Amino acid sequence: MTSTLKAYRAAILHSLADPAEVGVEQSYQYFDDGVLLVDDGRVVEVGAAEQLLPKLGGVEVREYRNALITPGFIDTHIHYPQTGMIASYGEQLLDWLNTYTFPTERQFADKAHAADVAGIFLKELLRNGTTTALVFGTVHKQSVDAFFEAAEKLDLRMIAGKVLMDRNAPDYLTDTPESAYADSKELIERWHGKGRLHYAVTPRFAPTSSPEQLSLAGQLFGEYPDLYMHTHLSENRAEIDWVKALFPERSGYLDVYDHYKLIGQRAVFAHGVHLCDEECQRLAETGSAIAFCPTSNLFLGSGLFDLERLEKHGVRVGLGTDVGGGTSFNQLQSLNEAYKIMQLQGKKLDPFKSLYLATLGGARALYLDHKIGNFDAGKDADFIVLDYDATPLLSYRMQQAKTLAERLFALTILGDDRTVKETFAAGRSVHQRD
Ligand code: GUN
Ligand code: ZN
């Protein structure tokens, strides 16, 4: 074995499949005393300590007590420019955009400001155990340069794009169909596929793009392999009525995107709170994905997401924070709110489904499950160490818990940034809590 091999010993848990497809018991692998072997930024092997340790010879073993190693969390929808306006009071989506969001995003015309916020944002993601995110920039191309420059330095797997917005927004925040296309293309050429970075064509949402801009966006989405498309869909009732008024010739909100070829594999739609069966069906058959954003849906009063319905139709679903509409960078907190959203609909959210949503489910939604999402050999060594003793209450609750399911559930309800003891990206420690 080579000299760069490293071993991490703790309880280890990772998803193997969607519990909805294989049943809960077949959906995960757990080692009460496990070892994760990492070399050159990749997973070599995961297994029981008693089996792996004797094979390791002089390899350094990092040991964590009362801790759980899982894959890094995946955030399938977040806005980095909105970091400084998280927790802004009192409005639903459309007023919230006009009152808080647009003035905040204006500041990203200044690249130095964008670089400052990108640094704060990435630090916050890593403090919360998120190692991959699908990220909105602003309309300014320099906002995306600043973001990718910061992510590249940390060797993170990140997806981002410049916002396209040529109408129904302040003049200071609009582009044109042609400039949006040219700027996005320039960013794609510079960043897409560089290291672990990927580009997403990013129309904000149907109301803020003209038909001409959507048409060029669809063209661009088809021009490069493995490119992403990232936008918002059916989040809020007033927003949906507005889309109907702006595009009366289309059969519904999703059909606007469909018409302009902004659908398919690697197309990720945030929210989808108010979808009809036909739209769910269309998302499934095109291989598109939905980002379920629990803290945002509650904070902005958008509605209760019907996870089971999307599951029944076979739609890929990942978990998103949607900061700054969302109220936490922490995916354990997203899962806490997701559980309550299910409760309010008389449904359940199994803790192993929660684990899946925050890790392998997100990877599948992003078509990155050959790279991230669990500890299969050869995948990126993006992983986190969760501390069962992070707070006195968590510690006491963990002592009472008798099963892994109980412990995992309590982690998703009580956990937050304090729970994340250490975060690793491509095998390197990128956040230490203590
Ligand atoms: N729809 C259009 N823009 C936004 C945004 O910035 N946040 C959310 N939550 N929804 C949107
Ligand atoms: Zn959003």
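Numbering (full-length UniProt numbering), first residue to last: 1 to 434. All residues carry an ideal CB built from backbone N, CA and C; glycine is no exception. As the structure is a computational prediction, the values presented were derived from the model and not from experiment.
- Counted as a single uninterrupted DSSP element, the beta strand (DSSP E) harbouring Ser15 occupies residues Lys6 to Ser15.
- Inclusion of His232 in the 6 Å shell around ligand 1 follows from its C-beta lying nearer than that to a non-hydrogen atom of the ligand.
- The DSSP-derived three-state label of Lys421 is strand.
- With respect to Leu134, His77 sits close: the two C-beta atoms are nearer than 7 Å.
- Counting the other Cβ atoms within 10 Å of the Cβ of Asp306 gives 16 or more, which makes it buried.
- For Ala200, the distance from the CB to the nearest heavy atom of ligand 2 is not below 6 Å.
- In this chain, the beta strand (DSSP E) harbouring Pro71 covers Val61 to Pro71.
- When the five nearest sequence neighbours on each side are left out, the beta carbons in the same chain lying within less than 7 Å of the beta carbon of Leu173 are those of Phe102, Glu105, Arg106, Val139 and Met165, in order along the chain.
- Annotation for Leu275: Ser234 place their beta carbon closer than 6 Å to its own, counting only its chain and skipping 5 residues before and after.
- Counting C-beta pairs closer than 8 Å gives fewer than three between the stretch 185-202 and the stretch 251-258, which falls short of the contact rule.
- The three-state secondary structure of Ile290, taken from DSSP, is strand.
- In terms of Cα proximity to Asp389, the closest of Thr4, Leu304, Asp95 and Tyr64 is Tyr64.
- Of the residues assessed, Gln343 falls on the exposed side of the cut-off, its CB having fewer than 16 other CB atoms within 10 angstroms.
- Around ligand 1, the residues selected by a Cβ distance under 6 Å to any of its heavy atoms are His79, Leu93, Leu97, Thr101, Arg204, Phe205, His232, Glu235, Ser296, Asp322 and Gly325, following chain order.
- Of all C-beta pairs linking the stretch 372-383 to the stretch 83-96, fewer than three are shorter than 8 Å, placing the two stretches out of contact.
- Asp387 has Ala67 as its beta-bridge partners, per DSSP.
- If you look at Leu134, you'll find it in the beta strand (DSSP E) that goes Thr130 to Phe136.
- Straight through space, the alpha carbons of Val38 and Glu45 are spaced by roughly 7 Å.
- Not one heavy atom of ligand 2 is found less than 6 Å from the C-beta of Ala67.
- Judged by DSSP secondary structure, Pro103 falls within the alpha helix (DSSP H) whose first and last residues are Phe102 to Arg106.
- Taking one beta carbon from each stretch, the stretch 54-61 and the stretch 110-123 have fewer than 3 pairs nearer than 8 Å; the two do not touch.
- Fully contained in the stretch 250-308 are the following alpha helix (DSSP H) runs of length 4 or more, in chain order: 253-259, 277-286 and 294-299.
- For Met229, the enclosing beta strand (DSSP E) has its first and last residue at Tyr228 to Leu233.
- Annotated three-state conformation of Phe31 is strand, per DSSP.
- Beta-bridge pairing by DSSP links Gly161 to Phe136.
- Listed in chain order, the non-local C-beta contacts of Pro170 below 6 Å within the same chain comprise Phe102, local neighbours out to five positions each way being set aside.
- Phe221 is positioned such that its CB atom lies no closer than 7 Å to that of Val243.
- In this structure, Leu94 is the residue among Phe121, Leu335, Gly318 and Leu94 with its C-alpha nearest to the C-alpha of Ile240.
- Cβ-Cβ distances below 6 Å link Val61 to Ala7 and Arg9 in the same chain, with the five nearest sequence neighbours on each side left out; the list follows chain order.
- For Asp380, the secondary structure class from DSSP, reduced to helix, strand or coil, is strand.
- Nearest C-alpha to Arg196 among Leu310, Lys141 and Asp226: Asp226.
- Separation of the CB atoms of Leu16 and Phe383 is rounded to 16 Å, and the pair is thereby denied contact status at 8 Å.
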